[in-house]
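The opening residue of the sequence shown carries number 3 in UniProt numbering; numbering runs sequentially from there.
Down below is the structure, laid out as structure tokens.
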Amino acid sequence: TEQTFSILKPDATRRNLTGAVNAVIEEAGLRIVAQKRILMTKAQAETFYAVHRERPFFGELVEFMTSGPVVVQVLEGENAIAKYREVMGATNPANAAEGTIRKKFAQSVGENTVHGSDSPENARIEIAQFFSGNEIVR
Ligand code: GTP
Ligand code: MG
Numbered sequence: 003t004e005q006t007f008s009i010l011k012p013d014a015t016r017r018n019l020t021g022a023v024n025a026v027i028e029e030a031g032l033r034i035v036a037q038k039r040i041l042m043t044k045a046q047a048e049t050f051y052a053v054h055r056e057r058p059f060f061g062e063l064v065e066f067m068t069s070g071p072v073v074v075q076v077l078e079g080e081n082a083i084a085k086y087r088e089v090m091g092a093t094n095p096a097n098a099a100e101g102t103i104r105k106k107f108a109q110s111v112g113e114n115t116v117h118g119s120d121s122p123e124n125a126r127i128e129i130a131q132f133f134s135g136n137e138i139v140r
């Protein structure tokens, strides 16, 4: 079993969709073993998305991620990292498969409802950025 890091982004909280997104997560067999609603600081968002700092959309991305509450989560399950990426759908909702979170809910490539870790190494780094060990309850 594996853990991955998830964020329900500000477009999800703004539209009151956190329960609807969590239903898709749980129906996929992933278990929410940690969860909290926070306002990300600019510094937290810049650290979190540091790999994208040279991209033209970096400023917009940080602006969006700090524009309202987010829900940060740790998800656990068999092949959780790959499974969650599959459940999320393509980065651009226009390319996302039927039944995926981004197909159902996302509005644009920028406001795309969810984040999920893309590797075991990044999952560990991202979980550690937002959760201490005793906040993860299996
Ligand atoms: P994350 O799970 O959020 O990391 O998405 P991803 O892994 O599917 O995509 P990627 O890591 O390549 O990009 C990170 C995030 O940057 C995306 O989820 C988008 O929110 C944002 N992003 C990517 N491309 C664009 C773009 O062209 N314009 C804008 N505004 N945002 C973008
Ligand atoms: Mg990514």
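Beta carbons are placed, not taken as given, at the ideal position from N, Cα and C, and that holds for glycine.
Only a predicted model underlies this, so the values are computations on that prediction, with no experimental measurement involved.
Could you tell me whether the Cβ atoms of residue 83 and residue 125 are closer together than 7 Å? Numbered from its first residue, the sequence shown carries residue 83 at position 81. Numbered from its first residue, the sequence shown carries residue 125 at position 123. Annotated as proximal: residue 83 and residue 125, with beta-carbon spacing under 7 Å.
Check whether the Cβ of residue 13 sits closer than 6 Å to any heavy atom of the ligand MG, and report yes or no. Reading the sequence shown from its first residue, position 11 is the one you call residue 13. No, the ligand MG has no heavy atom inside 6 Å of this Cβ.
If I'm right that residue 60 touches residue 131 with Cβ under 8 Å, what's the distance once you round it to whole angstroms? Working through the sequence shown from its first residue, we reach residue 60 at position 58. Working through the sequence shown from its first residue, we reach residue 131 at position 129. Taking the Cβ atoms as the reference, residue 60 lies roughly 18 Å from residue 131, outside the contact range of under 8 Å.
Residue 40 and residue 76: beta carbons closer than 7 Å? Counting from one through the sequence shown, the residue named residue 40 turns up at place 38. Counting from one through the sequence shown, the residue named residue 76 turns up at place 74. Result no, Cβ atoms of residue 40 and residue 76 do not sit closer than 7 Å.
Quick one: any contact between the segment 4 to 17 and the segment 64 to 73, if contact means 3 or more CB pairs under 8 Å? With the cut-off at 8 Å, the segment 4 to 17 and the segment 64 to 73 touch.
Indicate the three-state DSSP secondary structure (helix, strand or coil) for residue 9 in the structure shown. Locating residue 9 in the sequence shown gives position 7, counting from the first residue. Looking at residue 9 - three-state DSSP - the assignment turns out to be strand.
Please report how far the alpha carbon of residue 47 lies from the alpha carbon of residue 55, in whole angstroms. Within the sequence shown, numbered from 1, the residue matching residue 47 stands at position 45. Within the sequence shown, numbered from 1, the residue matching residue 55 stands at position 53. One C-alpha to the other measures close to 11 Å.
Rounding to the nearest angstrom, what Cα-Cα distance links residue 106 and residue 35 in this structure? Here the question's residue 106 lines up with position 104 in the sequence shown. Here the question's residue 35 lines up with position 33 in the sequence shown. Distance between the alpha carbons of residue 106 and residue 35 is about 24 Å.
Give the secondary structure of residue 87 by DSSP, where H, G and I count as helix, E and B as strand, and everything else as coil. For the purposes of this step, residue 87 is taken as residue 85 along the sequence shown, with counting starting at 1. Of the three classes helix, strand and coil, the one that applies to residue 87 here is helix, per DSSP.
Starting from residue 77 and walking both ways along the alpha helix (DSSP H), at which residues does that stretch end? Here the question's residue 77 lines up with position 75 in the sequence shown. Where residue 77 is concerned, there is no enclosing alpha helix (DSSP H), although the beta strand (DSSP E) it sits in stretches over 72 to 79.
Distance check for residue 79 and residue 108, CA to CA, integer angstroms please. Residue 108 sits at position 106 when you count from the first residue of the sequence shown. Residue 79 sits at position 77 when you count from the first residue of the sequence shown. Rounded to the nearest angstrom, the two C-alpha atoms are 24 Å apart.
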